[in-house]
Amino acid sequence: MNRHFELELESLKTILIKMGSVVEENVNNALQALLEHETGLAHKVIENETRINSLEIEIDNAIIDLLALQQPVASDLRFIIAAQKINNDLERIGDHAVNIAESDLNLLKIKPLDSMLEIPKMVVTIKLMLHQALDSFILVDPKMAQTVLETDDQIDNLNRSMATEVIELLKSDKKTIECGLELIRISRNLERIADIATNIAEEVIFYAQARVVKHHAEEKR
Amino acid sequence: MENGQIRIQVKSLNLWYGEKQALENISLDILTNQVTALIGPSGCGKSTFLRALNRMNDLIENVRTEGEVLFEGINIYDKSVDAVELRKKVGMIFQKSNPFPKSIYENVAYGPKIYGIRDKKSLDEIVEKSLRQAALWDEVKDDLSKSGLSISGGQQQRLCIARALAVDPEVILMDEPASALDPIATSKIEELIFELKKQYTIVIVTHNMQQAARVSDYTAFFYMGELVEYDITRKIFTTPSIKHTEEYVTGRFG
Numbered sequence: 001m002n003r004h005f006e007l008e009l010e011s012l013k014t015i016l017i018k019m020g021s022v023v024e025e026n027v028n029n030a031l032q033a034l035l036e037h038e039t040g041l042a043h044k045v046i047e048n049e050t051r052i053n054s055l056e057i058e059i060d061n062a063i064i065d066l067l068a069l070q071q072p073v074a075s076d077l078r079f080i081i082a083a084q085k086i087n088n089d090l091e092r093i094g095d096h097a098v099n100i101a102e103s104d105l106n107l108l109k110i111k112p113l114d115s116m117l118e119i120p121k122m123v124v125t126i127k128l129m130l131h132q133a134l135d136s137f138i139l140v141d142p143k144m145a146q147t148v149l150e151t152d153d154q155i156d157n158l159n160r161s162m163a164t165e166v167i168e169l170l171k172s173d174k175k176t177i178e179c180g181l182e183l184i185r186i187s188r189n190l191e192r193i194a195d196i197a198t199n200i201a202e203e204v205i206f207y208a209q210a211r212v213v214k215h216h217a218e219e220k221r
Numbered sequence: 001m002e003n004g005q006i007r008i009q010v011k012s013l014n015l016w017y018g019e020k021q022a023l024e025n026i027s028l029d030i031l032t033n034q035v036t037a038l039i040g041p042s043g044c045g046k047s048t049f050l051r052a053l054n055r056m057n058d059l060i061e062n063v064r065t066e067g068e069v070l071f072e073g074i075n076i077y078d079k080s081v082d083a084v085e086l087r088k089k090v091g092m093i094f095q096k097s098n099p100f101p102k103s104i105y106e107n108v109a110y111g112p113k114i115y116g117i118r119d120k121k122s123l124d125e126i127v128e129k130s131l132r133q134a135a136l137w138d139e140v141k142d143d144l145s146k147s148g149l150s151i152s153g154g155q156q157q158r159l160c161i162a163r164a165l166a167v168d169p170e171v172i173l174m175d176e177p178a179s180a181l182d183p184i185a186t187s188k189i190e191e192l193i194f195e196l197k198k199q200y201t202i203v204i205v206t207h208n209m210q211q212a213a214r215v216s217d218y219t220a221f222f223y224m225g226e227l228v229e230y231d232i233t234r235k236i237f238t239t240p241s242i243k244h245t246e247e248y249v250t251g252r253f254g
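Residue numbers (this note's numbering), protein chains in the order written: chain A, 1 to 221; chain B, 1 to 254.
Okay, here's the thing in structure tokens:
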């Protein structure tokens, strides 16, 4: 019916997808820089952050206009509210990618360890989670979003194992202290990215099915 | 304000109904191919201002006007200007749809006939084109001989828009064009406004602030005969510059 409004919603979605792909690229670059010790890529991640920040503001403004001028209701309102949260989520993921890139550069200055412990496993899972969270938004696929929610526990477990393993390492060899602390930082940032990808998935379910799944809200009812 | 081509330039317009001043020193540029919404509480002067743009107020007794309304570089209040010719170029749509008690075809062909078009083929073309532009053609094309009064209220309003378009105007003034319509018919009129602004300049008076927000590019807020604020609609509804405007659009007064 209201074709003009639909076009505006469509263009909000398009710019949010663009934001998602820039953020995903930045995360992937930060992780590749980490695993392959690539200084250039790490610097690129840090430079790219300004792009993410300006997209965030652009999306914020588009959302304010839609709320003020179009008085959205029902699924349109849920979409716009979800878009606002996802925008914020993506910007925070961008920040964590930068943190990882900075750790990458720190690691390169000190003698790296032979093993990254659980990090390679975390990287594989997080890349998949983020990709699925974004795809579930693009395709409006709550089932895919659900798989993201279910994967988060794996990351939490790996993050805990990392802490234990790093402590063991530090006990055995004090020269590894700087490296160990960077690895803890990276693991912590990875765990945050997984959590935020989970938030995105929750927003997709809210938008697509009008269900609130965060904080186990449905079980408590 | 963003730069655009000016279609109508209003300079220091004052208007009195007898002793009572209804418009005070209004200056405002109406931009080409844009939708300008006039908002404000009842009696603020917005409808008077709209009618001043094609001299509809001439039809009311005891109206006195000062200042200029420049259209195509000429003050429309100059003695040399023919009001009928002006209203052909600056058409008007009213709150209550007012089709003639004639067929749909005759409603649309009426204006062109008055302006001397007699050729059946030309008239047929104008009628079809105008009804298409008014997004009504598909709904009425099977029986154009049906009375203009027999169709629904929303369709009647679009018929009136087609009738206004048939004389090839440049500006369309709309006085509460959707206030008597249900939400679906309203939404059709609003969509139509988006289509029409590609070719025409539109000025709309509306009591429905949300409608002004949805359809317009520029918004002018009137209060007690004065123009309080005029800016890009987005600005008026997100960050108005004047507190009075903020209070009105947020529903805190008026």
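Every residue, glycine too, gets a C-beta built ideally from N, C-alpha and C.
- 8 Å or more divides the Cβ of L67 (chain A) from the Cβ of K121 (chain A).
- Under the Cβ distance rule, E139 (chain B) does not count among the residues neighbouring chain A, no pair being separated by less than 8 Å.
- Inclusion of M19 (chain A) and L90 (chain A) in the CB contact set at 8 Å is warranted, their separation being smaller than that value.
- For the stretch 83 to 99 of chain A, there are no residues whose beta carbon sits under 9 Å from a beta carbon of chain B.
- In this structure L23 (chain B) does not touch Y218 (chain B) by the C-beta definition: roughly 18 Å separates them, more than the 8 Å allowed.
- Here V215 (chain B) is not bridged, per DSSP, to any residue.
- For the options B:G18, B:A37 and B:S12, the alpha carbon positioned closest to that of I172 (chain B) is the one of B:A37.
- In the three-state reduction of the DSSP assignment, F222 (chain B) falls in the strand class, which pools E and B.
- Where G94 (chain A) is concerned, the enclosing alpha helix (DSSP H) starts and stops at A74 to K109.
- Membership of F71 (chain B) in the beta strand (DSSP E) is indicated by the continuous run V63 to F71.
- Using beta-carbon distances, T219 (chain B) does not count as an interface residue toward chain A, since no partner is under 8 Å.
- Distances from the alpha-carbon of M92 (chain B) to those of B:V167, B:Q5 and B:T250 put B:V167 closest.
- One finds nothing in chain B with a Cβ atom closer than 8 Å to the Cβ of L66 (chain A); even the nearest lies about 10 Å away.
- Under the three-state reduction of DSSP, S11 (chain A) is assigned to helix.
- With respect to I196 (chain A), I93 (chain A) sits close: the two C-beta atoms are nearer than 8 Å.
- For T245 (chain B), no Cβ of chain A is located within less than 8 Å of the residue's own Cβ.
- In its chain, beyond the 5 residues on either side, V98, A101 and E102 have a beta carbon closer than 8 Å to the beta carbon of I46 (chain A).
- One finds A213, R214, T233, R234 and F237 in chain B with Cβ atoms closer than 8 Å to the Cβ of L69 (chain A), taken in chain order.
- Buried is the label assigned to Q132 (chain A), since at least 16 other Cβ atoms lie within 10 Å of its Cβ.
- For Q210 (chain B), the neighbours in chain A by C-beta distance under 7 Å run, in chain order, Q71.
- Closest in alpha carbon position to F94 (chain B), among B:T238, B:A162 and B:E176, is B:E176.
- For L181 (chain A), DSSP assigns no beta-bridge partner whatsoever.
- Scanning chain A for C-beta atoms nearer than 7 Å to the C-beta of E229 (chain B) yields nothing, as the closest lies near 15 Å away.
- In the displayed model, M116 (chain A) falls within coil according to three-state DSSP, outside both helix and strand.
- Interface annotation, F194 (chain B): in contact with chain A, CB-CB separation under 8 Å.
- In summary, T186 (chain B) is buried, with 16 or more beta-carbon neighbours lying within 10 Å of its beta-carbon over all protein chains present.
- For Y17 (chain B), the enclosing beta strand (DSSP E) stretches over residues I6 to Y17.
- Proximity of chain B to H37 (chain A) at the Cβ level (cut-off 8 Å) is not reached, the minimal Cβ distance being about 47 Å.
- With a cutoff of 8 Å on beta-carbon distance, K198 (chain B) and N33 (chain B) are scored as near each other.
- Annotated as distal: S187 (chain A) and I86 (chain A), with beta-carbon spacing of 8 Å or more.
- Judged by beta-carbon spacing, F71 (chain B) lies within the 8 Å limit of I8 (chain B), meaning their Cβ atoms are closer than that value.
- Chain B places a beta carbon closer than 8 Å to that of R3 (chain A), counting this residue as a contact.
- In the three-state DSSP reduction, L170 (chain A) falls in the helix class (H, G or I).
- The Cβ-Cβ distance between I80 (chain A) and P142 (chain A) does not fall below 8 Å.
- For I52 (chain A), the uninterrupted alpha helix (DSSP H) segment begins and ends at T39 to Q70.
- Closest in C-alpha terms to N106 (chain A), from the list A:Y207, A:E10 and A:H37, comes A:H37.
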